[in-house]
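With this note's numbering, letter number 242 in the sequence shown gets 321, and the count goes up by one each step, no holes.
All C-beta atoms, glycine included, are put in the ideal place defined by N, C-alpha and C.
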Amino acid sequence: KSHKWKSRKISIIVLLALEHALHLWEEGLRATNTESHPHLLPDRYWHVTNDYDSIRGNLLQSSTNNKKSPCETYMQHVSPRVCHVPMKGYTEYTPRTNPQYTAIRSIVRASPPDNYVPFQEVENIYHGPEPKIPSQKVPKGEVDIYAIASVMAKGKRIKKRRTLQTQSPPPQFLKDQNADITKTDNTNIIPGQGWDLIDYYTGYCDGTIYSECNRPFYSHCLMNGHNDGQGKLIGDGTSGWLVLDLHHVKEGIIMMAMDVEPKDSNIRTRNDGMEKELNQEEKEERTKPKLNGRKNVQKKEHKDDDEDDDSIPLPKGFLLDVSINGNITTWNREEFWERRRLLSDTFSVWVLLDNEQMFTTTNTEANNHVELAIQIRGVERDGVLSISHVYFA
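This is the structure we're talking about:
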């Protein structure tokens, strides 16, 4: 009896709140009804809108009176400007919204001659909704809430559920986006075919109940629905240029989250013995995410005075070319490691561009498109870099 009494009180509270919300929604639709969006409620009616606006406004104005904000203090060794401008980004981590448009692969320029773009080498072994768990079936004669909700949501479910195209040529939207890119005059910057994707979760991983994520052939629990993957692109001295097309770069900030893969990780880049077709076991080893992620090779932010160059986890002779619209800068391994900025124990970023004046005189839509390219040189397969995030503003 006590449980029923408590559940009824909670139910009444929820029903009253829903009634109030529906009345508010109805009033909002009457005030803002348009033919193009007849059921779209403006942001101001959502209870968190004021909080978002307040947080955003306070952050943008947080450095008044010549006093650094906590954000600026934390990011002073990266770029304090990131605290005051809206940042954009692409990643191979999941879950993420609209996975096919927010992956780094979606801005990778395809390499000739076959329009190669890194892809998911392993795919889901089945698609569609998960089968019902027998113990969760609604007993005969009871109310089926899921069936009611399904009828109400009919016509709205996942029309846009699309998986990232895994084979070349790349998706058509890549070709459309690249139409007005600021092309480089440097004919030496040709996308290479040696960059690859590892440690990813297969399928469409957007974190919603409609995701079709992590159903590879090597899974021991296909219905766990786990979306928390840490995919990344990898390359070495044989991989060639990785060319990314960034749109709407207005503030002159570009950063990249990278890591140096340890020599004992058994990572094989695409050019490392990949001429032959891999068997199932080799594909599993190559693509299966590690339970706790791959070990970060170096957690120290700066080298101690008594340490020699061997503390840098890169082979001697390592060079990294960074190209911004065809202007190439080359870092040797010491310069590369010196520019590393550690944001957590296992997450480092490199600032590739921080130029506030870059677009002040040519602030047009076409000129805000940037060609970013990187290339590893001086080593072959013993200097492997991984890229998980690209940030820009």
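Just checking my contact of residue i with residue j at CB under 8 Å: how many whole Å lie between their CB atoms?
i	j	result
Gly-462	Ile-453	Going by Cβ atoms, the distance from Gly-462 to Ile-453 rounds to 13 Å, so no, they are not a contact pair.
Leu-431	Met-337	Incorrect: roughly 10 Å between the Cβ atoms, too far for contact.
Ser-190	Gly-271	6 Å
Lys-311	Ser-90	About 47 Å separates the two Cβ atoms, so there is no contact after all.
Gly-316	Val-164	So it is not a contact: roughly 35 Å between Cβ atoms.
Ile-403	Leu-451	6 Å
His-206	Glu-98	Not quite, the Cβ-Cβ distance comes to about 39 Å (not below 8 Å), so this is no contact.
Leu-120	Trp-104	6 Å
Arg-160	Glu-435	7 Å
Any idea what DSSP makes of residue i, helix, strand or coil?
i	result
Ala-336	strand
Trp-274	coil
Asn-411	strand
Pro-248	Low per-residue confidence applies at Pro-248: pLDDT is 33, beneath 50, and the placement is therefore not dependable, though the value from the model is reported in the following sentence. In this structure, Pro-248 counts as coil in the three-state DSSP scheme.
Ala-226	helix
Leu-398	strand
His-468	strand
Val-463	coil
Glu-417	helix
Asp-324	strand
Gln-53	Residue 53 cannot be examined here, being either before or after the span of the chain that is shown, 80 to 472.
Val-376	With a pLDDT of 49 at Val-376, under the threshold of 50, the predicted position of this residue should be treated as unreliable, and no value is reported.
Asp-433	strand
Asn-306	coil
Arg-456	strand
Ser-318	coil
Glu-450	strand
Leu-101	helix
Gly-405	coil
Ile-260	Only weak support is given to the placement of Ile-260: the predicted model assigns it a pLDDT of 38, under 50, and the value that follows is read from those uncertain coordinates. Three-state DSSP puts Ile-260 in coil, outside helix and strand.
Gly-286	coil
Lys-85	helix
Glu-106	helix
Glu-75	Look at the range of the chain in this structure, 80 to 472, and you will see that residue 75 is not part of it.
Ile-313	strand
Ser-133	helix
Gly-234	Low per-residue confidence applies at Gly-234: pLDDT is 47, beneath 50, and the placement is therefore not dependable, though the value from the model is reported in the following sentence. Gly-234: coil per DSSP, three-state reduction.
Ser-390	helix
Val-93	helix
Leu-422	strand
Tell me whether the beta-carbon of residue i lies closer than 7 Å to the beta-carbon of residue j.
i	j	result
Tyr-124	Gly-107	yes
Ile-186	Asp-324	yes
Ile-391	Arg-420	no
Arg-275	Pro-197	Looking at the sequence shown, residue 275 is not Arg but Asp. Yes, they are a contact pair.
Pro-29	Asn-306	In the structure as shown, the chain starts at 80 and stops at 472, and residue 29 therefore has no counterpart that could be examined.
Tyr-169	Val-469	yes
Ile-332	Asp-433	yes
Lys-329	Asn-447	yes
Asn-93	Arg-188	It is worth fixing the name first, because residue 93 is Val in this sequence and not Asn. Contact: no.
Leu-422	Thr-409	no
Met-154	Ala-472	no
Ser-318	Gly-273	yes
Do we get a CB-CB distance below 7 Å when we pair residue i with the residues of chain D?
i	result
His-102	Among the protein chains of the structure shown there is no chain D, as only one such chain exists.
Hey, out of the options, whose CA is closest to residue i's CA?
i	options	result
Met-302	Ser-81, Phe-397, Thr-366, Ile-204	Ile-204
Gln-474	Asp-433, Asp-278, Ile-333	The requested residue 474 is not part of the displayed model; the chain covers only 80 to 472.
Thr-366	Gly-282, Val-201, Ile-227	Val-201
Tyr-297	Thr-287, Glu-98, Tyr-280	Tyr-280
Gly-304	Lys-211, Asn-293, Gly-168	Asn-293
Glu-360	Cys-300, Pro-295, Gln-215	Pro-295
Pro-192	Ile-269, Gly-207, His-299	Ile-269
Gln-179	Arg-160, Gln-199, Lys-85	Gln-199
Glu-340	Asn-404, Arg-87, Leu-139, Ser-465	Ser-465
Ile-288	Val-217, Asp-223, Lys-219, Thr-176	Thr-176
His-327	Tyr-225, Glu-221, Met-437, Glu-414	Met-437
Arg-460	Glu-417, Glu-414, Tyr-195, Lys-395	Lys-395
Leu-138	Asn-129, Cys-150, Thr-128	Cys-150
Tyr-195	His-299, Trp-320, Arg-418	Trp-320
Cys-300	Glu-209, Thr-128, Thr-181, Ala-96	Glu-209
Phe-415	Ile-134, Thr-425, Leu-393	Leu-393
Tyr-172	Val-449, Gly-405, Pro-368	Pro-368
Glu-417	Lys-85, His-156, Asp-424	His-156
Ser-148	Ser-158, Cys-162, Lys-219	Cys-162
* Which ranges does the beta strand (DSSP E) cover as unbroken runs of at least 3 residues, wholly within the stretch 147-219, from first to last along the chain? -> 167-170
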